[in-house]
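**Q** Protein chains in written order, with the numbering used here: chain C, 43 to 274; chain X, 43 to 274. Backbone N, C-alpha and C fix where the C-beta goes; we use that ideal spot for every residue, glycine too.
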DNA sequence: GCCTTTCTGGAACTTTTGTTGGATTTGGAC
DNA sequence: GTCCAAATCCAACAAAAGTTCCAGAAAGGC
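(1) Note down, in chain order, each residue of its chain lying with its Cβ closer than 8 Å to the Cβ of residue 161 (chain X), except the 5 sequence neighbours on either side.
(2) Just list the beta strand (DSSP E) runs in the segment 183-259 of chain X, keeping only unbroken ones of 3 residues or longer that don't cross its boundaries, in chain order.
(3) Please classify residue 176 (chain C) as buried or exposed, where buried requires at least 16 other C-beta atoms within 10 Å of its C-beta.
(4) Where does residue 50 (chain C) sit, in a helix, a strand or coil, going by DSSP?
(5) Look up residue 98 (chain C) in the DSSP assignment and give the residues it is bridged to.
(6) If the criterion is Cβ atoms closer than 9 Å, does the pair residue 96 (chain X) and residue 141 (chain X) meet it?
(7) In the segment 172-188 of chain X, which residues sit with their C-beta less than 7 Å from some C-beta in chain C, listed in chain order?
(8) Near residue 146 (chain C), which residues of its chain fall below 6 Å by C-beta distance, leaving aside the five closest residues on each side in sequence?
(9) Among residues of its own chain, excluding the 5 on either side of residue 116 (chain C), which ones have a beta-carbon nearer than 8 Å to its beta-carbon?
(10) Does residue 111 (chain X) get closer than 9 Å to chain C when you measure Cβ to Cβ?
(11) From the beta carbon of residue 219 (chain C), is the nearest beta carbon of chain X less than 9 Å away?
(12) If we cut at 9 Å on Cβ distances, does residue 67 (chain C) have a partner in chain X?
(13) Verify the CB distance criterion: does residue 33 (chain C) have a CB-CB separation below 9 Å to chain X?
(14) Whose C-beta lies closer than 8 Å to the C-beta of residue 101 (chain X) among residues of the same chain, with five residues either side of it excluded?
(15) Using DSSP with H/G/I as helix, E/B as strand and the rest coil, what is residue 107 (chain C)?
(16) Can you name the start and end residues of the beta strand (DSSP E) that residue 118 (chain X) belongs to?
(17) Using C-beta distances below 6 Å, list every residue in its chain close to residue 220 (chain X), excluding the 5 sequence neighbours before and after it, in chain order.
(18) Since residue 136 (chain X) contacts residue 78 (chain X) with CB under 8 Å, what's their CB separation in whole angstroms?
(19) Give me, in chain order, the residues of the same chain whose beta-carbon lies closer than 8 Å to that of residue 130 (chain C); leave out the 5 immediate sequence neighbours on both sides.
(20) Would you report the Cα separation of residue 201 (chain C) and residue 263 (chain X), rounded to the nearest angstrom?
(21) Report the CB separation of residue 186 (chain C) from residue 121 (chain C) in whole angstroms; it is logged as a contact under 8 Å.
(22) Can you find a C-beta in chain X that's less than 9 Å from the C-beta of residue 224 (chain C)?
(23) Any idea what DSSP makes of residue 269 (chain X), helix, strand or coil?
(24) Run the CB neighbour count on residue 218 (chain X), radius 10 Å, all protein chains shown included, and call it buried at 16 or more, exposed below.
(25) What separation, rounded to the nearest whole angstrom, lies between the Cα atoms of residue 21 (chain C) and residue 224 (chain C)?
(26) Who are the Cβ neighbours of residue 283 (chain X) in its own chain at under 6 Å, not counting the five residues just before and after it?
(27) Strictly below 8 Å CB to CB, what residues from chain X border residue 167 (chain C)?
(28) Where does residue 149 (chain C) land, buried or exposed, given buried means 16+ other C-beta within 10 angstroms?
(29) Give the residues of chain X in contact with residue 107 (chain C), contact being defined as C-beta atoms less than 8 Å apart.
(30) In terms of residues, what are the limits of the beta strand (DSSP E) holding residue 82 (chain X)?
(31) What distance in whole Å lies between the Cβ atoms of residue 157 (chain C) and residue 126 (chain C), which are believed to be in contact at a cut-off of 8 Å?
(32) How would you label residue 215 (chain C), buried or exposed, when you count the other beta carbons within 10 angstroms and need 16 or more for buried?
(33) Since residue 69 (chain X) sits in a beta bridge, which residues does DSSP pair it with?
(34) With a threshold of 9 Å between beta-carbons, can residue 156 (chain X) be considered close to chain C, or not?
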């Protein structure tokens, strides 16, 4: 089969034989656009490898507000945590477009890890990396204002969002940006207008582009709008 | 030496010989109250095992506000992530009281993990567990109001705080609670007064105790103050 | 005991974020 | 092209959180 295992950090340095066993352990699933892949709190759905399509990882609170943790494109993997400890899924996953995934159950993953040291090693590294991403997201929520988080989203290439969010912000609707930033559509609209007025972003036709990367970086780092009053 | 390795989840199921090698790889350090153990962004400080004293794990933003991620007592471990991937420390660690720790460097940890499969296995589980804690903290910051987070802190035994915050909130100052919740002292004071007025907490002498566990749980889950107007 | 430092109580105010609701624009289906 | 659903813009308002400031109370050192 045409699976490019080498492109996935988790399967690096695993020999042909090991890859064959991993492939044999995986089940192929397809989902229609809009279909739920698994839900938060449900029994462990196993380790997922995204082969085709776009997947949204999110949480929802009691009032129905969404928080998008990741927007994933191939080749990405998700639900590592539950796959590894066998506990309930820590978030929801939904197919945004038609989706194809490979799934390895908790039990089979444990078997594979116990006989393929390289896989176990890679898993440790992947989990450590995930942990760093979540710490960064947590600090963003703790310390940064919404305009600042929005600026960071636009600068996403070099930040935590890069691994997790696969769409350029330009392509995202305000609703989707709001879910990523953990706020509401109207607030994102307001913040966006603020950044446009400040000359940090500019609108070309329908889409919004970066106009002043330095200014965005300043805003993302300090929570303060750059004062450009001096430019007379 | 009198190290109780069995009590640390990471060292479970490791035989006497393996534990001996781990012990040999560890360096003993002591810190005075107030001393910095390591700083965020600095080169990997290695894996730490807390044997004695109280350690604060925190991040700080540009304006100098603190966010306490953990308050740890023996026997706890910290800096797993950097120890495992060798990257910079993801947070600061400071000795609150006099502290004794064992430290295993990144290189030695990798050596140990490559020869002790049980240690590698335990590390995977520990990292997965950490990840779940961070996701929960992240969702708290995204969705919960400050009174709600404060209620959750008082219910700490049954939440993610149990692993990360080793101090009963009753004993904490408002300043310390504020750092844990990611806000300021005055806001915590106001929220505390709100919970006292609502009869969810009560004051005995200097300290504040839980008066209505159900009410706190309601507040923590829904973000809404329980309406007790009906109790005529 | 006294004095200093730390902690707490609380008011008044500002800023940010969230909410509501309506007007307008856009893209795509047909 | 026309029409519809989705997306956006924007103002006014409400609520939550952050800030500033000062007065008291408690704890700990001497």
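**A** Looking at the atomic coordinates:
(1) Position 119 of the second chain, counting from 1, holds the residue named residue 161 (chain X). Cβ neighbours of residue 161 (chain X) beyond the five flanking positions: 52, 53, 56, 60, 64, 154 and 155.
(2) As far as the segment 183-259 of chain X is concerned, its whole beta strand (DSSP E) runs of at least 3 residues are 243-246 and 249-252.
(3) In the first chain, counting from the first residue as 1, residue 176 (chain C) sits at position 134. With 16 or more Cβ atoms within 10 Å of its Cβ, residue 176 (chain C) is classed as buried.
(4) The residue labelled residue 50 (chain C) in the question sits at position 8 within the first chain. It is coil, neither helix nor strand.
(5) Counting from 1 along the first chain, the entry for residue 98 (chain C) is found at position 56. C:113 and C:136, per the DSSP bridge assignment.
(6) Along the second chain, read from residue 1 onward, the residue named residue 96 (chain X) stands at position 54. Along the second chain, read from residue 1 onward, the residue named residue 141 (chain X) stands at position 99. Cβ atoms of residue 96 (chain X) and residue 141 (chain X): closer than 9 Å.
(7) 172, 173, 174, 176, 177, 179, 180, 181, 183, 184 and 185
(8) Sequence index remark: in the first chain, residue 146 (chain C) carries index 104 (1-based). Answer for residue 146 (chain C): 67, 68, 88 and 89, listed in chain order.
(9) Here residue 116 (chain C) is taken as the residue at index 74 of the first chain, counted from 1. Excluding positions up to five away in sequence, the list reads 92, 93, 94 and 95.
(10) To locate residue 111 (chain X), count along the second chain from 1; it is residue 69. Taking Cβ atoms only, chain C reaches closer than 9 Å to residue 111 (chain X), which makes this a yes.
(11) Counting from one through the first chain, the residue named residue 219 (chain C) turns up at place 177. Not closer than 9 Å to any Cβ of chain X, the Cβ of residue 219 (chain C) fails to qualify, so no.
(12) Here residue 67 (chain C) refers to the residue found at position 25 of the first chain. No, because no Cβ of chain X sits closer than 9 Å to the Cβ of residue 67 (chain C).
(13) Within the shown structure, residues of chain C are numbered from 43 to 274, placing residue 33 (chain C) beyond reach of any answer.
(14) In the second chain, the residue the question calls residue 101 (chain X) occupies position 59. If we look at residue 101 (chain X) and ignore the five residues flanking it on each side, its Cβ neighbours are 82, 108, 109, 111, 133 and 134.
(15) Locating residue 107 (chain C) in the first chain gives position 65, counting from the first residue. It is coil, neither helix nor strand.
(16) On the second chain, position 76 is the one that residue 118 (chain X) refers to. Segment 118-120, the beta strand (DSSP E) holding residue 118 (chain X).
(17) Counting from 1 along the second chain, the entry for residue 220 (chain X) is found at position 178. Closer than 6 Å at the Cβ level, and outside the excluded window around residue 220 (chain X), lie 226, 227 and 230.
(18) By 1-based counting over the second chain, the position of residue 136 (chain X) is 94. By 1-based counting over the second chain, the position of residue 78 (chain X) is 36. About 5 Å separates the two Cβ atoms, so the contact holds.
(19) Position 88 of the first chain, counting from 1, holds the residue named residue 130 (chain C). Closer than 8 Å at the Cβ level, and outside the excluded window around residue 130 (chain C), lie 82, 83, 84, 85, 86 and 124.
(20) The residue labelled residue 201 (chain C) in the question sits at position 159 within the first chain. The residue labelled residue 263 (chain X) in the question sits at position 221 within the second chain. Confidence is the limiting factor: at residue 201 (chain C) the pLDDT is only 49, short of 50, which leaves the residue's position unreliable and the question unanswerable from this model.
(21) For the purposes of this step, residue 186 (chain C) is taken as the residue at position 144 of the first chain. For the purposes of this step, residue 121 (chain C) is taken as the residue at position 79 of the first chain. With a Cβ gap of about 27 Å, residue 186 (chain C) and residue 121 (chain C) do not count as contacting.
(22) Translated into positions along the first chain, residue 224 (chain C) becomes position 182. Answer yes: the Cβ-Cβ gap between residue 224 (chain C) and chain X drops below 9 Å somewhere.
(23) One-based indexing of the second chain puts residue 269 (chain X) at position 227. Coil at residue 269 (chain X), not helix or strand.
(24) Locating residue 218 (chain X) in the second chain gives position 176, counting from the first residue. Classification of residue 218 (chain X): buried, given that the 10 Å Cβ count is 16 or more.
(25) The structure shown has nothing for residue 21 (chain C), since chain C only spans 43 to 274.
(26) Nothing about residue 283 (chain X) can be reported from this structure: the residues present for chain X run from 43 to 274 only.
(27) In the first chain, residue 167 (chain C) corresponds to position 125, counting from 1. Simply 126 and 127.
(28) Here residue 149 (chain C) refers to the residue found at position 107 of the first chain. The residue in question, residue 149 (chain C), is exposed, as its Cβ has fewer than 16 Cβ neighbours within 10 Å.
(29) Position 65 of the first chain, counted from the start, is the residue given in the question as residue 107 (chain C). What residue 107 (chain C) touches in chain X: 185.
(30) Position 40 of the second chain holds residue 82 (chain X). It is not in any beta strand (DSSP E) - residue 82 (chain X) carries neither H nor E in the DSSP assignment.
(31) If you number the first chain from 1, residue 126 (chain C) lands on position 84. If you number the first chain from 1, residue 157 (chain C) lands on position 115. Between residue 157 (chain C) and residue 126 (chain C) the Cβ distance is about 16 Å, and since that is not below 8 Å, they are no contact.
(32) On the first chain, residue 215 (chain C) is found 173 positions in, with the first residue counted as 1. Residue 215 (chain C) should be labelled exposed.
(33) On the second chain, residue 69 (chain X) is found 27 positions in, with the first residue counted as 1. Paired residues: X:145.
(34) Here residue 156 (chain X) corresponds to residue number 114 of the second chain, with the count starting at 1. Taking Cβ atoms only, chain C reaches closer than 9 Å to residue 156 (chain X), which makes this a yes.
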